[in-house]
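Asks:
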Amino acid sequence: MAVFKECAGRFTSACSIVWSRAWLDEYAASLSKYLQGSDASLLAGFLAISSLLLVQELPSAIMLLLLCVIGILCSNRFKWLRPLVVALLATLVATHSFNQHLGIELPRSHEGRSISVRGQVIDLPGKTSTHTRFLFQVLAINESDEYHAKDLSMLVQQKVQLSCYRCLLDLQPGQVWRFTVRLKNPHGYASWGAFDFEKYLFRSQVVARGYVRNKEAQELLAEPGYSINNYRQDLQRHLQQRMQNTPNALGMIAALMIGDKSLLSQEQREVFKKTGLSHLMAISGLHVGLVFFLVVTLMKYALMPIAKLFYWQPRQNLVLLPGLCAAYAYSALAGFAISTERALLMLTVFVLCRLLSREISLLRVLLLAAFLLLIYDPYSVLDAGFWLSCGAVMIIGVVQHYRGKLSLLQLQPLLWLGMMPLTLLIFVEISLVSPLVNLIAVPIFGFLLIPLVLFSLILLQLGQEALHAMLLGGLAVVFEWLYTFLAEISAWSLSTYVPGRGISTLMEDASAWFYPGLLLILWAFLARWRVRHMIFLAGIAISVLIPWKLEADQDSLQIALLDVGQGLSMVVQVSDYVLVYDTGPAYPSGFNAADAVLIPYLRSRGIQQIDQLIISHADNDHIGGLDRVLATIPVKHVLTSRTDRVARATSCMAGQSWSIESVEFSIISPDEATPQGSNNLSCVLRIEFADQVILITGDIERRVEQHLLSDPDLLKADVMLVPHQGSKTSSTQKFLDAIKPELAIVAAGYRNHYGHPHAEVVERYNNARIHLLSTIDNGSILLNFNKNGYTVTSYRVAEKRFWNRQKMPN
27 MAVFKECAGR FTSACSIVWS RAWLDEYAAS LSKYLQGSDA SLLAGFLAIS
77 SLLLVQELPS AIMLLLLCVI GILCSNRFKW LRPLVVALLA TLVATHSFNQ
127 HLGIELPRSH EGRSISVRGQ VIDLPGKTST HTRFLFQVLA INESDEYHAK
177 DLSMLVQQKV QLSCYRCLLD LQPGQVWRFT VRLKNPHGYA SWGAFDFEKY
227 LFRSQVVARG YVRNKEAQEL LAEPGYSINN YRQDLQRHLQ QRMQNTPNAL
277 GMIAALMIGD KSLLSQEQRE VFKKTGLSHL MAISGLHVGL VFFLVVTLMK
327 YALMPIAKLF YWQPRQNLVL LPGLCAAYAY SALAGFAIST ERALLMLTVF
377 VLCRLLSREI SLLRVLLLAA FLLLIYDPYS VLDAGFWLSC GAVMIIGVVQ
427 HYRGKLSLLQ LQPLLWLGMM PLTLLIFVEI SLVSPLVNLI AVPIFGFLLI
477 PLVLFSLILL QLGQEALHAM LLGGLAVVFE WLYTFLAEIS AWSLSTYVPG
527 RGISTLMEDA SAWFYPGLLL ILWAFLARWR VRHMIFLAGI AISVLIPWKL
577 EADQDSLQIA LLDVGQGLSM VVQVSDYVLV YDTGPAYPSG FNAADAVLIP
627 YLRSRGIQQI DQLIISHADN DHIGGLDRVL ATIPVKHVLT SRTDRVARAT
677 SCMAGQSWSI ESVEFSIISP DEATPQGSNN LSCVLRIEFA DQVILITGDI
727 ERRVEQHLLS DPDLLKADVM LVPHQGSKTS STQKFLDAIK PELAIVAAGY
777 RNHYGHPHAE VVERYNNARI HLLSTIDNGS ILLNFNKNGY TVTSYRVAEK
827 RFWNRQKMPN
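Numbering follows our numbering, with no gaps: position 547 of the sequence shown is 573.
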């Protein structure tokens with residue numbers, strides 16, 4: 027099979043050690059000594075590479091090399107320097123690799139221009155109802171155009187991420203195509219709480235993103251040779267044909283069989299996240315370990331009748347090696363994802379030590395595997411999955427070291443509590459039902475569903491189509507029922523918890539913990555925890571789950587202009603009062619800025635309720651995320667100029683006003699005389715605090731600006747939102763002269779096709795000596811007002827990391 031052919035090279039070095047027992051005996055002692063004496067060095071190297079996650083700029087490779095040479099020369103005399111030398115060498119390896127990738131950048135003069143490229147499709151294409159996305163390795167650039175070929179030579183042999191809108195092409199891994207594409211440098215939303223897409227692209231070593239121009243010629247130059255990815259795609263299509271009527275089961279079985287999560291809907295992902303089962307919905311270290319355990323167990327029983335084989339080879343050789351082979355084959359089905367590579371390294375180290383008749387602890391295996399993985403692939407340190415899998419194994423190892431072997435009933439709550447800080451750091455929320463759900467789901471998946479899924483695959487390969495179809499049909503029913511059950515649990519109000527709401531809401535949070543606390547007490551009784559263990563674990567839970575963010579100052583105002591691309595969303599916070607102005611755009615694929623940016627920002631600030639939601643007008647780039655906001659976060663009041671498009675909303679009209687503490691809010695437009703038009707009807711919000719005025723203008727155009735000039739006193743402001751993302755239809759000179767702001771902030775998307783903010787508008791603000799900040803350059807912009815003035819915090823400055831490429835204005 028192609029699976030075994032592909033992974034044979036990775037497996038050869040692991041299994042070659044068994045051929046000569048004499049060789050094993052010769053090096054057994056030295057390996058054991060190395061493993062025991064190098065823990066400090068391995069830990070130092072691991073921590074050194076991990077620390078690069080915190081730096082804004084990578085250290086100088088020349089300086090690191092010089093320090094390495096000095097350290098090596100001194101380490102013979104001062105042995106305590108050896109861990110430091112290993113740390114420097116590990117950092118040098120990672121820095122060199124990262125710098126190589128950072129040195130490859132698409133020239134800005136070629137962004138958005140049509141380029142003819144020849145390249146190969148790699149990995150499985152991901153398909154939605156409107157788009158096909160795939161990784162494309164560039165082999166050549168426009169051979170007929172010497173200028174392009176020379177100027178873009180840095181792209182050759184590099185990966186780019188392409189999308190094809192309403193693509194009719196049958197893309198397969200390994201195919202060689204000629205496309206006309208338009209590319210731009212990697213970018214993503216830069217905002218607190220949002221997924222760092224630039225980090226994801228950097229980890230995937232993608233140097234540019236773009237799309238295929240369907241109007242241009244597309245030529246298939248070569249069909250693929252058969253590989254694991256082709257085999258995975260064949261299985262993907264087979265499952266889609268067999269399971270058209272069970273979409274929920276289709277996504278889950280595809281994730282478990284071939285590690286393909288592209289068929290999981292957004293709703294399914296939310297359900298799995300809320301129930302704490304996301305780790306089960308892809309081939310991960312847990313799955314690889316389960317396959318290894320199952321095969322080893324089966325081999326033990328299968329070899330019992332033929333015990334004479336043990337005279338030829340030790341029993342552990344005949345049992346462990348087939349298990350390791352099965353683990354490699356299953357990892358190949360997942361395309362050797364990062365979590366499976368970590369598990370394979372751990373299993374390989376474990377098997378080698380057992381073959382050498384040497385004992386090694388789980389923590390030492392984890393440390394060695396993590397270090398080797400980071401040296402082999404430094405980019406894996408950027409993976410959340412790497413940290414989650416290593417964290418889980420570390421907790422299991424610590425528990426095993428201090429408590430010995432535990433049952434799943436005892437281990438699961440310990441694992442949940444131990445992973446709580448890391449889960450909170452990555453996902454900003456915690457599943458309260460995770461311990462109970464995992465206690466039931468892990469055995470069901472591990473010992474029933476995953477083996478049955480793999481058994482159905484074996485039946486398919488053996489040509490037993492009827493049995494395969496029968497088993498797959500039964501599994502589809504089971505998975506559909508299971509998903510329905512999980513969806514019901516995820517709908518519970520106590521299924522998840524987002525800490526950080528403030529000290530005044532502590533009693534609310536404590537009452538919400540009554541039933542989970544009762545469950546943990548019952549669990550402790552059943553698992554026979556000792557009182558001192560319960561107190562220690564309760565301390566961990568309290569330290570993490572009690573709100574970790576103090577309330578905002580009473581005499582302060584905070585305004586965040588969020589980076590939602592080409593659209594608008596703002597969050598205004600006064601103590602516990604939260605006002606959201608617009609929700610950003612939504613797209614036909616189902617992706618929306620509310621899920622990607624607005625809601626994560628609110629969660630990162632510990633906000634669980636919106637007191638006032640203002641939808642300025644009904645254009646998609648302002649109203650697109652409304653449904654997701656209303657479905658996700660409680661909203662007290664909604665104000666809009668388009669009550670026909672927003673349910674249970676009140677119409678915003680000039681003259682409306684309200685106050686929160688010392689902050690005054692007022693609507694100054696539209697009124698009955700406001701010129702008509704979707705943009706012109708935008709709700710214009712005026713905020714006054716401590717003699718400072720902020721003007722939020724929506725998408726008003728020059729006719730409304732002229733209309734507002736009838737009362738210029740209302741327009742004077744210290745800070746203003748640039749109307750209509752900096753369009754030429756707004757920001758007239760008279761309007762700016764009336765406002766006279768110190769600071770203007772503009773929300774616009776990187777390389778948006780409108781060209782916002784327009785060069786003439788930018789020049790107008792510059793000539794008026796108005797400081798202009800854009801989300802293109804700065805990401806989300808946070809303004810903190812107090813009685814003495816205000817401060818400005820830019821996400822791309824405050825949170826910059828070495829993988830972020832600073833954006834230039836359009």
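All residues carry an ideal CB built from backbone N, CA and C; glycine is no exception.
If I follow the unbroken alpha helix (DSSP H) through residue 511, where does it start and stop?
Replies: If you number the sequence shown from 1, residue 511 lands on position 485. 491 to 516 is the extent of the alpha helix (DSSP H) around residue 511.
Asks: How far does the alpha helix (DSSP H) with residue 793 in it extend, from its first residue to its last?
Replies: Working through the sequence shown from its first residue, we reach residue 793 at position 767. Looking at the DSSP string, the run of the alpha helix (DSSP H) that includes residue 793 is 785 to 793.
Asks: Taking the alpha carbon of residue 218 as the point to measure from, which residue in 293, 139, 622, 372 has its own alpha carbon closest?
Replies: One-based indexing of the sequence shown puts residue 218 at position 192. Answer by Cα proximity: 622.
Asks: Assess, as a yes-or-no matter, whether the stretch 316 to 328 is touched by the stretch 216 to 236 under the definition of 3 or more beta carbon pairs within less than 8 Å.
Replies: Touching, no.
Asks: Beta-carbon within less than 7 Å of residue 730's beta-carbon, same chain only, minus the 5 sequence neighbours each way: which residues are those?
Replies: Here residue 730 corresponds to residue number 704 of the sequence shown, with the count starting at 1. So the list reads 695, 700, 701, 706, once near-sequence residues are dropped.
Asks: Would you check if the stretch 154 to 164 and the stretch 251 to 271 touch, i.e. whether three or more CB-CB distances between them fall below 8 Å?
Replies: Contact fails: fewer than three Cβ-Cβ distances are below 8 Å.
Asks: Under three-state DSSP, which class holds residue 663?
Replies: Counting from 1 along the sequence shown, the entry for residue 663 is found at position 637. Residue 663: strand per DSSP, three-state reduction.
Asks: Report yes or no: do the stretch 197 to 216 and the stretch 242 to 254 share at least 3 C-beta pairs separated by less than 8 Å?
Replies: Yes, they touch.
Asks: For the stretch 101 to 109 against the stretch 174 to 193, do three or more pairs of beta-carbon atoms, one drawn from each stretch, fall closer than 8 Å, so that the two count as touching?
Replies: They do not touch, by the three-pair rule.
Asks: Between the stretch 293 to 307 and the stretch 367 to 377, are three or more C-beta pairs nearer than 8 Å?
Replies: They do not touch, by the three-pair rule.
Asks: Using the Cα positions of residue 330 and residue 654, report the straight-line distance between them to the nearest angstrom.
Replies: One-based indexing of the sequence shown puts residue 330 at position 304. One-based indexing of the sequence shown puts residue 654 at position 628. Answer to the nearest angstrom: the Cα atoms are 58 Å apart.
Asks: Spatial neighbours of residue 149 within its chain, please: C-beta separation below 8 Å, excluding the five flanking residues on both sides.
Replies: Residue mapping note: residue 149 aligns to position 123 of the sequence shown, counting from 1. Answer for residue 149: 160, 161, 199, 255, 361, listed in chain order.
Asks: Out of 450, 596, 289, which has the shortest C-alpha to C-alpha gap to residue 524?
Replies: Your numbering for residue 524 matches position 498 in the sequence shown. Taking only the C-alpha atoms, the option nearest residue 524 is 450.
Asks: Please classify residue 81 as buried or exposed, where buried requires at least 16 other C-beta atoms within 10 Å of its C-beta.
Replies: Along the sequence shown, read from residue 1 onward, the residue named residue 81 stands at position 55. That one is exposed.
Asks: Using a Cβ-Cβ distance cut-off of 9 Å, determine whether residue 639 contacts chain B.
Replies: Of the chains in the structure shown, none is chain B; there is only one protein chain.
Asks: Ends of the beta strand (DSSP E) at residue 812?
Replies: On the sequence shown, residue 812 is found 786 positions in, with the first residue counted as 1. 807 to 812 is the span of the beta strand (DSSP E), which, as asked, contains residue 812.
Asks: By the 10 Å Cβ neighbour count, where 16 or more other Cβ atoms means buried, how is residue 402 classified, buried or exposed?
Replies: Stepping through the sequence shown from its first residue, residue 402 is reached at position 376. Classification of residue 402: exposed, given that the 10 Å Cβ count is below 16.
Asks: Our contact map puts residue 584 next to residue 808 with C-beta atoms below 8 Å; I'd like the distance itself, whole angstroms only.
Replies: Here residue 584 refers to the residue found at position 558 of the sequence shown. Here residue 808 refers to the residue found at position 782 of the sequence shown. Between residue 808 and residue 584 the Cβ distance is about 7 Å, and since that is below 8 Å, they are a contact.
Asks: Residue range of the alpha helix (DSSP H) that residue 97 falls in?
Replies: If you number the sequence shown from 1, residue 97 lands on position 71. 87 to 101 is the span of the alpha helix (DSSP H), which, as asked, contains residue 97.
Asks: Can you check DSSP and say which residues form a bridge with residue 815?
Replies: Counted from its first residue, the sequence shown places residue 815 at position 789. Bridge partners of residue 815: 812.
Asks: Apart from the five residues on each side of it in sequence, which residues of its chain come closer than 6 Å, Cβ to Cβ, to residue 758?
Replies: What you label residue 758 is simply residue 732 of the sequence shown in a count that begins at 1. Answer for residue 758: 728, 731, listed in chain order.
Asks: With DSSP as the reference, label residue 748 as helix, strand or coil.
Replies: Taking the sequence shown and counting its residues from 1, the one referred to as residue 748 is at position 722. If DSSP states are grouped into helix, strand and coil, residue 748 belongs with coil.
Asks: Look at the Cβ atom of residue 349, then the Cβ atom of residue 325, and state whether they are nearer than 9 Å.
Replies: For the purposes of this step, residue 349 is identified with residue 323 of the sequence shown, where counting begins at 1. For the purposes of this step, residue 325 is identified with residue 299 of the sequence shown, where counting begins at 1. Yes, the Cβ-Cβ distance between residue 349 and residue 325 is below 9 Å.
Asks: Would residue 684 be called buried (16 or more neighbouring beta carbons within 10 Å of its own) or exposed?
Replies: The residue labelled residue 684 in the question sits at position 658 within the sequence shown. So residue 684 ends up on the exposed side.
Asks: Since residue 388 and residue 423 are thought to touch, with beta carbons under 8 Å apart, how far apart are those beta carbons, to the nearest angstrom?
Replies: Indexing the sequence shown from 1 puts residue 388 at position 362. Indexing the sequence shown from 1 puts residue 423 at position 397. Right, their Cβ atoms sit about 4 Å apart.
Asks: According to the neighbour-count rule (16 or more other Cβ atoms, all chains shown, within 10 Å of its Cβ), is residue 291 buried or exposed?
Replies: As a position in the sequence shown, residue 291 is number 265, starting the count at 1. It is exposed - the Cβ of residue 291 has fewer than 16 other Cβ atoms within 10 Å.
Asks: Okay, do the stretch 267 to 284 and the stretch 501 to 510 touch, 3+ Cβ pairs below 8 Å being the bar?
Replies: The answer is yes - the stretch 501 to 510 touches the stretch 267 to 284, with three or more Cβ pairs under 8 Å.
Asks: For residue 203, write down the residues that DSSP places opposite it in a beta bridge.
Replies: Taking the sequence shown and counting its residues from 1, one reaches residue 203 at position 177. Bridge partners of residue 203: 145, 246.
Asks: What is the C-beta distance between residue 485 and residue 497, in whole angstroms, given that I count them as a contact (C-beta under 8 Å)?
Replies: Looking up residue 485 in the sequence shown gives position 459. Looking up residue 497 in the sequence shown gives position 471. So it is a contact: roughly 7 Å between Cβ atoms.
Asks: Whose C-alpha, out of 691, 704, 726, is nearest the C-alpha of residue 711?
Replies: One-based indexing of the sequence shown puts residue 711 at position 685. With distances taken between Cα atoms, residue 711 lies closest to 691.
Asks: Locate the alpha helix (DSSP H) running through residue 610, then write down its first and last residues.
Replies: Position 584 of the sequence shown holds residue 610. Where residue 610 is concerned, there is no enclosing alpha helix (DSSP H), given that its DSSP letter is neither H nor E.
Asks: By how many angstroms is the C-alpha of residue 213 removed from the C-alpha of residue 778?
Replies: Walking along the sequence shown from the start, residue 778 turns up at place 752. Walking along the sequence shown from the start, residue 213 turns up at place 187. Computed Cα separation, rounded: 12 Å.
Asks: Between 672, 75, 665, 630, which has its C-alpha nearest residue 682's C-alpha?
Replies: Along the sequence shown, one-based indexing puts residue 682 at 656. Cα-wise, what sits closest to residue 682 is 665.
Asks: Looking only at its chain, what residues have a beta carbon closer than 6 Å to the beta carbon of residue 604, apart from the 5 residues adjacent to it on each side?
Replies: Here residue 604 is taken as the residue at index 578 of the sequence shown, counted from 1. Excluding positions up to five away in sequence, the list reads 633, 636, 637.
Asks: Residues in its own chain within less than 7 Å of residue 838 by CB, not counting five upstream and five downstream?
Replies: Because the chain is modelled from 27 through 836, residue 838 falls outside the range shown and cannot be assessed.
Asks: Between which two residues does the beta strand (DSSP E) holding residue 692 run?
Replies: Here residue 692 refers to the residue found at position 666 when the sequence shown is read from its first residue. Element bounds for residue 692: 689 to 695.
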